[in-house]
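Going by the numbering used here, the letters in the sequence shown line up with residues 5 to 94, in that order.
A virtual CB, placed ideally from N, CA and C, is assigned to each residue, including glycine.
For reference, the structure discussed in these notes is given below.
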Amino acid sequence: MPKQMHVETPLGEPGRPEPHPVDLILRLHQLEGSTQAVLATLRRSLIEKVPPTRDGLAREAAIAFDLDDDQQALAMIDDIAQTVGISGFE
């Protein structure tokens with residue numbers, strides 16, 4: 005969950021919580037890595053005729069996020085997917 009700080013409005017009323025800049029950069033990195041993994045998997049399927057699989061997506065995600073653990077990388081993609089209304093991979 006991103007850290008948030010409260011910002012006061014000009015009238016002194018509590019405003020909406022604003023995300024911390026570091027959290028926004030981390031979220032952008034997660035979005036970029038997820039996009040890279042999904043597009044690489046889709047490209048391999050369409051151009052190279054390699055059937056898309058969960059393991060293939062997990063491997064592409066690990067490459068995109070520079071992780072050794074494919075399942076950890078897949079969990080990161082799952083987190084992103086859920087934020088846009090796509091249900092979990094499980």
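query: Spatial distance of E64 from Q40 (CA atoms); result: 8 Å
query: Spatial distance of P6 from L28 (CA atoms); result: Low confidence applies here, because P6 scores a pLDDT of 48, under 50, leaving its location unreliable; read the following figure in that light. Computed Cα separation, rounded: 8 Å.
query: Candidates S91, S49, V54, I81, of which the one nearest A68 by Cα; result: I81
query: Alpha-carbon spacing of D73 relative to A66, whole angstroms; result: 7 Å
query: Which listed residue (I84, G89, A77) has its alpha carbon closest to that of L35; result: I84
query: Limits of the alpha helix (DSSP H) - the one that I81 falls within; result: 74-87
query: Exposure label - S38; buried when at least 16 CB within 10 Å; result: buried
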